[in-house]
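Chains A and B, in that order, give the protein sequences.
Per the working numbering, the very first residue in the first sequence carries number 6; after that it's consecutive.
Per the working numbering, the very first residue in the second sequence carries number 12; after that it's consecutive.
Just so you know, even glycine gets a beta-carbon here, dropped at the ideal spot from N, CA and C.
Since the structure is predicted, the reported quantities are computational estimates derived from the model, not experimental observations.
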Amino acid sequence: MISILEKSIEFITLLIGVISWDSCKPFYLRLIIFLLAVTCINEIVIVPNLSNSNIAYNFFSLVDVPIWLYIFLKMHFASKKKIILNIISLVVFMYSIIDVFFITGISFLHINSLMFYDMIILLFAGSFLYILLKREYHSVASDPLFWISSACIGYHSLLFLNFITLKLPRVYWTPYAYNVWDTVDLSANIFYYLLLSIGLIKCINYKSQQISFQ
Amino acid sequence: MHQLQIPANFISIVVIVAALMIVALAIFLIIFFVLSRNKQNKLFMEKMTMQQDFQKQLLQSQIETQEYSFNQISQELHDNIGQLLSSTKLLLGITAMELKEVPDPLKTAEQTIAKAIVDLRSLSKSLNKEWLHQFNLIENLEAEKDRINAARNIQVQLISQYEKLPLEPEAQVMLFRVVQEALQNSIKHAFPKNIIIQIKNTDAHFKLSIEDDGRGFNIESAKKESLGLRNMEHRTQLLGGTIEWKPNIEKGTTVIISIPTKEM
Chain A
6 MISILEKSIE FITLLIGVIS WDSCKPFYLR LIIFLLAVTC INEIVIVPNL SNSNIAYNFF
66 SLVDVPIWLY IFLKMHFASK KKIILNIISL VVFMYSIIDV FFITGISFLH INSLMFYDMI
126 ILLFAGSFLY ILLKREYHSV ASDPLFWISS ACIGYHSLLF LNFITLKLPR VYWTPYAYNV
186 WDTVDLSANI FYYLLLSIGL IKCINYKSQQ ISFQ
Chain B
12 MHQLQIPANF ISIVVIVAAL MIVALAIFLI IFFVLSRNKQ NKLFMEKMTM QQDFQKQLLQ
72 SQIETQEYSF NQISQELHDN IGQLLSSTKL LLGITAMELK EVPDPLKTAE QTIAKAIVDL
132 RSLSKSLNKE WLHQFNLIEN LEAEKDRINA ARNIQVQLIS QYEKLPLEPE AQVMLFRVVQ
192 EALQNSIKHA FPKNIIIQIK NTDAHFKLSI EDDGRGFNIE SAKKESLGLR NMEHRTQLLG
252 GTIEWKPNIE KGTTVIISIP TKEM
């Protein structure tokens with residue numbers, strides 16, 4: 006039931022994304038729609054047909070991580086610390102690859118690198134929102150990037166919390182573990198796709214505007 | 012020794028509560044963020060409006076000061092220099108009457124002084140705000156046209172759809188000063204042979220153009236140096252309109268002043 010609900014939300018968000026495709030400017034916002042399509046294919050087609058879903062999630066994360074890092078780097082394109090942000094992004098991506106193929110292995114979820122990725126996304130999205138708040142005049146409610154950054158903050162905070170539970174054997178090896186994981190995961194997904202949908206809807210009414218560090 | 016055991020389901024509940032708290036906190040932060048931004052935006056808009064009002068008042072007072080100076084100059088020209096010229100003309104006339112045969116240089120001097128008096132009166136009138144209240148802009152432009160044409164160096168044409176403009180006297184004064192400045196700039200810097208002033212009504216706008224066939228100029232660099240051009244912009248802004256300088260296809264420049272009809 007939960008799985009169907011999650012997949013439905015993902016699919017609806019993808020549909021909204023497809024409708025707003027032409028309005029998605031700058032172009033890097035279209036990568037979110039591409040990522041939504043990849044997510045739907047992964048969740049609806051690939052995961053149910055694999056005996057070990059971790060393999061699918063690991064490969065998906067190797068698409069998800071660079072795309073989101075690229076989107077946030079584009080959002081921070083005018084940052085004075087652009088070189089540092091580029092290096093951090095590269096380190097996160099390299100660590101993910103090394104973790105998947107050489108440390109954790111492809112059959113297990115690479116939690117450590119994903120937690121590191123969550124922290125970096127939280128940092129990028131948080132700093133972006135801080136910049137928006139500092140601007141002299143900016144209508145945030147109509148800015149798609151505000152909703153997208155907020156979606157990332159909520160989603161990655163919850164995902165980080167979920168990964169912590171996987172690190173706690175006393176929770177992980179109990180009959181409740183699955184329920185805990187599912188509840189947190191569902192909350193994260195609803196929050197994430199709802200705000201992402203708002204962001205994509207806002208794209209339709211929002212004139213192309215480069216938002217950056219001033 | 013008995014070790015304190017935390018039940019696993021308790022930890023699970025803690026995790027779920029933490030998740031819910033994160034969601035609640037995120038929602039709260041989004042609402043706070045949007046509301047505080049709206050408040051900030053509102054304050055910013057108020058500040059901008061105040062700044063614009065202040066700027067408008069400042070411009071208004073600058074223009075009033077300038078109009079006052081023009082009036083003073085006008086009075087001075089009329090009462091002082093005008094009187095001196097009239098006395099001189101009178102004296103020349105008396106001298107001419109006393110002579111049996113009036114020499115040609117004296118006749119020329121008398122004629123020149125008569126012309127100077129006419130020109131001076133015309134100039135004095137164009138500077139006098141009170142005079143502008145009595146007559147309409149079109150009449151003033153006609154007088155201005157005649158004044159320039161009298162020199163015979165430049166031919167000024169006035170084409171107007173109106174005989175009397177539906178403008179407030181204050182607005183007419185401002186617009187007249189803008190046209191005067193444009194004409195003066197054209198004569199002083201572009202050395203044209205012809206100037207055409209056109210006044211027409213287009214949709215919701217009232218358009219006034221001053222077109223010359225003189226040397227063109229770079230508007231951006233001229234704006235930095237010329238106080239006159241900035242004044243023209245300020246005056247048009249005060250009328251709620253726009254002003255632009257366009258180079259003509261062949262040669263010369265056209266100044267286009269556009270004022271929304273509702274502003275009148």
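### Task
Determine the contact status of aspartate 130 of chain B and arginine 163 of chain B, defining contact as a CB-CB distance below 8 Å.
no
### Task
Please classify tyrosine 198 of chain A: is it buried, with 16 or more other beta-carbons within 10 angstroms of its beta-carbon, or exposed?
buried
### Inter-residue Cα distance where the pair is isoleucine 103 of chain A and serine 118 of chain A
9 Å
### Query
Would alanine 130 of chain A be called buried (16 or more neighbouring beta carbons within 10 Å of its own) or exposed?
buried
#### Entry: Per DSSP, the bridge partner or partners of valine 167 of chain B
B/Ile206
### Query
Within the 8 Å Cβ cut-off, does glycine 204 of chain A reach chain B?
no
### Task
Work out the CA separation of leucine 54 of chain B and valine 28 of chain B for me, nearest whole Å.
38 Å
### Task
Compare the C-beta of isoleucine 21 of chain A against all C-beta atoms of chain B and say whether one is closer than 8 Å.
no
### Message
Please report whether the beta-carbon of isoleucine 102 of chain A lies at a distance below 8 Å from any beta-carbon of chain B.
### Response
no
### Query
If contact means a Cβ-Cβ distance below 7 Å, which residues of the segment 147 to 168 of chain A contact chain B?
Ser155, Ile158, Gly159, Ser162, Leu163 and Leu166
### Query
Which stretch, first to last residue, makes up the beta strand (DSSP E) that contains tryptophan 256 of chain B?
253 to 258
### Task
Sort B/Ile254, B/Lys118, B/Ala161 and B/Ile84 by Cα distance to leucine 102 of chain B and report the nearest one.
B/Lys118
### Task
Return no unless some Cβ of chain A is closer than 8 Å to the Cβ of arginine 48 of chain B.
yes
### Query
If you compare alpha carbons, which of B/Leu36, B/Ser171 and B/Phe21 is closest to alanine 156 of chain A?
B/Leu36
### Query
With a CB to CB cut of under 6 Å and the five nearest residues on each side skipped, what residues in its chain are close to glutamate 192 of chain B?
Gly239 and Met243
### Query
Helix, strand or coil: how does DSSP classify glutamate 231 of chain B here?
helix
### Task
Just the C-alpha distance for phenylalanine 218 of chain A and phenylalanine 133 of chain A, rounded to the nearest angstrom, thanks.
Unreliable positioning characterises phenylalanine 218 of chain A in this predicted model, as indicated by a pLDDT of 36, which lies under 50. A coordinate reading is not provided.
### Query
Considering histidine 245 of chain B, what are the terminal residues of the beta strand (DSSP E) in which it resides?
Taken as a continuous stretch (DSSP letters only), histidine 245 of chain B belongs to no beta strand (DSSP E), being part of the alpha helix (DSSP H) at 238 to 249.
### Task
Give the secondary structure of asparagine 106 of chain B by DSSP, where H, G and I count as helix, E and B as strand, and everything else as coil.
In the sequence on display, residue 106 of chain B carries threonine and not asparagine. Here threonine 106 of chain B sits in helix by DSSP.
### Task
Buried or exposed for glycine 110 of chain A, please, with buried defined as at least 16 other CB atoms from any protein chain shown within 10 angstroms of its CB.
exposed
### Message
Using the three-state DSSP reduction, which class does serine 25 of chain A fall into: helix, strand or coil?
### Response
coil
### Query
Could you give the distance in angstroms between the alpha-carbon of isoleucine 116 of chain A and the alpha-carbon of leucine 137 of chain A?
31 Å
### Task
Return the CA-CA distance between methionine 120 of chain A and serine 144 of chain A, expressed in angstroms with no decimal places.
32 Å
### chain A residues whose Cβ lies nearer than 7 Å to that of isoleucine 41 of chain B
Ser155
### Message
With H, G and I counted as helix, E and B as strand and the rest as coil, what does DSSP make of threonine 109 of chain A?
### Response
coil
### Query
Bridge partners of phenylalanine 217 of chain B, per DSSP?
B/Asn212 and B/Ile270
### Message
With a threshold of 7 Å on Cβ separation, who are the neighbours of isoleucine 195 of chain A within its own chain once the five nearest residues in sequence on each side are excluded?
### Response
Ile14
### Message
Between which two residues does the alpha helix (DSSP H) holding phenylalanine 121 of chain A run?
### Response
116 to 139
### Task
For isoleucine 38 of chain A, collect the residues of the same chain with a Cβ closer than 8 Å to its Cβ; drop the 5 residues on either side in sequence, then sort them by chain order.
Leu19, Gly22, Val23, Ser25, Trp26, Cys29 and Leu205
#### Entry: chain B within 8 Å of tyrosine 181 of chain A, Cβ atoms only
yes
### Query
Would leucine 138 of chain B pass as a contact of phenylalanine 187 of chain B if the rule is Cβ separation under 8 Å?
no
### Query
What residues in its chain sit with their C-beta under 7 Å from that of serine 171 of chain B, if we drop five residues either side in the sequence?
Ile149 and Ile210
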